[in-house]
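*Asks:*
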Amino acid sequence: MGAKDPQAEVEELKRLQRAQARLVTAVQELSLVRTLPSVQEIVRRTARAIAGADGATFVLRDGDKCHYADEDAISPLWKGQRFPMSACISGWAMLNSQAAVIPDIYQDPRIPAEAYRPTFVKSLVMVPIRLKSPIGAIGVYWARERQATEAEVELIQALANTTSVAMENIEVYSDLERRVELRTQQLEALNKELESFSYSVSHDLRAPLRAITGFGELLGRELQERNTEKGTRFLGTIQDNAKKMGQLIEDLLRLSRLARQEVRRTEIDLANLAREIAARYRTEDPKRNVELVIPEHLMVRCDAGLMAVVMENLMSNAWKYTSKTDGARIEVGTQEKEGVTAFFVKDNGAGFEMRYAEKLFSPFQRMHTEQEFPGTGVGLATVQRIIHRHGGRIWADAEVGRGATFSFTC
Ligand SMILES: Nc1ncnc2c1ncn2[C@@H]1O[C@H](COP(=O)(O)OP(=O)(O)OP(=O)(O)O)[C@@H](O)[C@H]1O
Ligand SMILES: [Mg+2]
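Numbering (the numbering used here), first residue to last: 286 to 695.
Below, the structure written as C-alpha cells:
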C-alpha cells in the first residue's frame, strides 16, 4: 500500500467514531439487562455493527466445549453447536486469554477449514469474554479477506469486557432472587407455625387450666369442711396440672426462641452424638435392652448446639416409642435421595398412621395418648424448625406397630 489517502483516513475515523457511539449505547443497554438471552441479543447485534462485519457469534464456555449460543449473520454459521475447546478458534481465544485476528482463515493452522467451508467466512476476529479465566468469546466474520485494525479489535474487546460484567451481574441477581425466595418460604413457614401456635396456646392450655380452677374450687370447699384427706388428693391434682402447664409453657418458649437463634455451621459427627445420647438413656433406663445400629462416623456441617437438640428429640422418640416393643432396635444412618444425602433415625416401635405424618411437625400434635406414651408434643415441631433454619427438609415414614423413620437433610 502507498501513502494513505487523506479522504479514506477521514472516512475511517468517522467509522470508528460511529462504532464507539454504538459501543457506548451497548454498554448502557447491558447495564440494565437481567437475563442471558438479552445479553446475547445485544452483543451479537453490537459486535456485528461496530466491526462492520457480515456476521457475529456469541460463544459460551461449557466445560471443555465451546457452545455457539447465538449469532447474527448474512447466512447461518454454527448456532446451537458445540465444539471441543481444542478444535475451534473461540476455544483458542479462551485458552490463551487473547484475541485471534485472522485475515485469511484458509491460511491459518488454528482454523479447522472443514467447519468453515459451508459458511461465507473468509476472515475473522475472535475475542475472549473476560481475560482472567474466560467464560466465553465473541466472534466477528467477514466474507472477504480483511486485516482488522488494532482500533477495531480494541472496540470488540471492550464490548467483551462489558459483556463479562453484565454476565456476572446476572449471576448476582439470580442468586439474590433465589435467596429472597428462600427467605420468603422461611417466613411463610414461620407464619404458619405462629398461627397454629396461637391456636394451640388457646386450645391446649385451656384443659389443664380448667382442671386447676375446678379442683381449686373443690379444694376450697373441702377445706371448709376440714376433710383433709380428700383435700390433699385434690391439691395433688392441682399440682400435677400446674406442673404440666409449666412444662408446656417451657417447651413453647424454647421453641419460639429457636426462631431467633443464629445458625453457625461447623463439622460435627452425628454418629458420635447419637451414641452419647443413647448411652445416657441406657444409664437412666438400665432395664431396657435396645439394639443400636450406628455407623462409626456421620460427618455433617451444621450448627452443633441445634443439631444436638434435633438428635436428642429424634432419639428420645425412638427410645420412647419402642418401650413396648420386644427386640427394640434403633438405627441411625444416611441414604441418598435425589442426589442429596439424608440422615435418618429409624426404629421398630409403635409407629403411626402415615396420613397423620405431616401433622406431627406442628406443636402439640400427638398420635398417642398421654397414658400410652407421655409427652407434650413439641419435640418434632422443634426439630422441624431447626432443620428449616438450616435450609433442609424433614419427613417421616411409618407404619402402625412396625416403627417409624425420620429423615432429614441440612
Ligand atoms: N419414633 C416414633 N414412633 C412413633 N410415633 C412417633 C415417633 N416420633 C414421634 N411420634 C409421634 O409424633 C408425635 C409428636 O412427636 P413429638 O416428639 O413432637 O412429641 P412427643 O414425643 O409426644 O412429646 P415431646 O414434646 O416430649 O417430644 C408423638 O406424640 C407420637 O405420636
Ligand atoms: Mg418427642
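Beta carbons are placed, not taken as given, at the ideal position from N, Cα and C, and that holds for glycine.
Name the residue from G521, I390, Q650 and T448 whose alpha carbon lies nearest to the alpha carbon of R429.
*Replies:* In the sequence shown, counting from the first residue as 1, residue 429 sits at position 144. That would be I390, whose Cα lies nearest to the Cα of R429.
*Asks:* For T619, write down the residues that DSSP places opposite it in a beta bridge.
*Replies:* Counting from one through the sequence shown, the residue named residue 619 turns up at place 334. Partner(s): F628.
*Asks:* What is the C-beta distance between A589 and I553, in whole angstroms, given that I count them as a contact (C-beta under 8 Å)?
*Replies:* Residue 589 sits at position 304 when you count from the first residue of the sequence shown. Residue 553 sits at position 268 when you count from the first residue of the sequence shown. That pair is a contact at about 5 Å.
*Asks:* Identify whether I497 lies in helix, strand or coil by the three-state DSSP scheme.
*Replies:* Here the question's residue 497 lines up with position 212 in the sequence shown. DSSP places I497 in helix when its eight states are reduced to three.
*Asks:* State the CB to CB distance for the pair A384 and Q442, rounded to an integer number of angstroms; the pair is presumed to be in contact (CB under 8 Å).
*Replies:* Position 99 of the sequence shown, counting from 1, holds the residue named residue 384. Position 157 of the sequence shown, counting from 1, holds the residue named residue 442. Going by Cβ atoms, the distance from A384 to Q442 rounds to 6 Å, so yes, they are a contact pair.
*Asks:* So the candidates are E684, G499, Q532 and N574; which of them puts its Cα closest to the Cα of L520?
*Replies:* The residue given as residue 520 occupies position 235 in the sequence shown. The shortest C-alpha separation from L520 is found at G499.
*Asks:* Closest to I414 by CA distance: which of V406, N446, E473 and D393 is it?
*Replies:* Counting from 1 along the sequence shown, the entry for residue 414 is found at position 129. Out of V406, N446, E473 and D393, N446 has the C-alpha closest to the C-alpha of I414.
*Asks:* Please tell me whether D632 and A564 are closer than 9 Å, where the distance is taken between their beta carbons.
*Replies:* Here residue 632 refers to the residue found at position 347 of the sequence shown. Here residue 564 refers to the residue found at position 279 of the sequence shown. Their beta carbons are not under 9 Å apart, which means D632 does not touch A564 by this criterion.
*Asks:* Based on the DSSP output, what are the partners of A385 in its beta bridges?
*Replies:* Along the sequence shown, read from residue 1 onward, the residue named residue 385 stands at position 100. Bridge partners of A385: M411.
*Asks:* Whole alpha helix (DSSP H) runs in the stretch 506-567 with 4 or more residues, listed along the chain?
*Replies:* Whole alpha helix (DSSP H) segments, 4+ residues: 513-543.
*Asks:* Would you say S449 touches ligand 2, meaning its beta carbon is less than 8 Å from a heavy atom?
*Replies:* Here the question's residue 449 lines up with position 164 in the sequence shown. No, ligand 2 has no heavy atom inside 8 Å of this Cβ.
*Asks:* Identify, in the order they occur along the chain, each residue of the same chain with its Cβ nearer than 7 Å to the Cβ of R367, setting aside the five sequence neighbours on each side.
*Replies:* Along the sequence shown, one-based indexing puts residue 367 at 82. The residues are D347, K350, C351 and H352.
*Asks:* Within a Cβ cutoff of 7 Å, which residues of the same chain sit near K529, ignoring the five residues on either side of it in sequence?
*Replies:* Sequence index remark: in the sequence shown, residue 529 carries index 244 (1-based). Excluding residues within five positions, the ones whose Cβ falls inside 7 Å are P493.
*Asks:* Shorter than 8 Å, the distance from the beta carbon of V663 to the closest heavy atom of ligand 1, or not?
*Replies:* As a first step, residue 663 is located in the sequence shown; it is residue number 378 there, counting from the start. V663 Cβ: within cutoff of ligand 1.
*Asks:* Tell me whether K605, by its Cβ, gets closer than 8 Å to a heavy atom of ligand 2.
*Replies:* The residue you call residue 605 lines up with position 320 of the sequence shown. Answer for K605: yes, Cβ within range of ligand 2.
*Asks:* In chain order, what residues of the same chain lie with their CB nearer than 7 Å to the CB of Q292, ignoring the 5 residues before and after it?
*Replies:* Numbered from 1 along the sequence shown, position 7 holds the residue referred to as residue 292. Cβ neighbours of Q292 beyond the five flanking positions: none.
*Asks:* Between the Cα of H653 and those of A635, A474, S647 and R518, spot the shortest distance and give me the residue it belongs to.
*Replies:* Stepping through the sequence shown from its first residue, residue 653 is reached at position 368. Of A635, A474, S647 and R518, the residue nearest in Cα terms is A635.
*Asks:* Below 8 Å CB to CB, which residues in the same chain sit around A358 once its five sequence neighbours on both sides are set aside?
*Replies:* Position 73 of the sequence shown, counted from the start, is the residue given in the question as residue 358. Cβ neighbours of A358 beyond the five flanking positions: R333, D339, G340, A341, T342, F405 and Y426.
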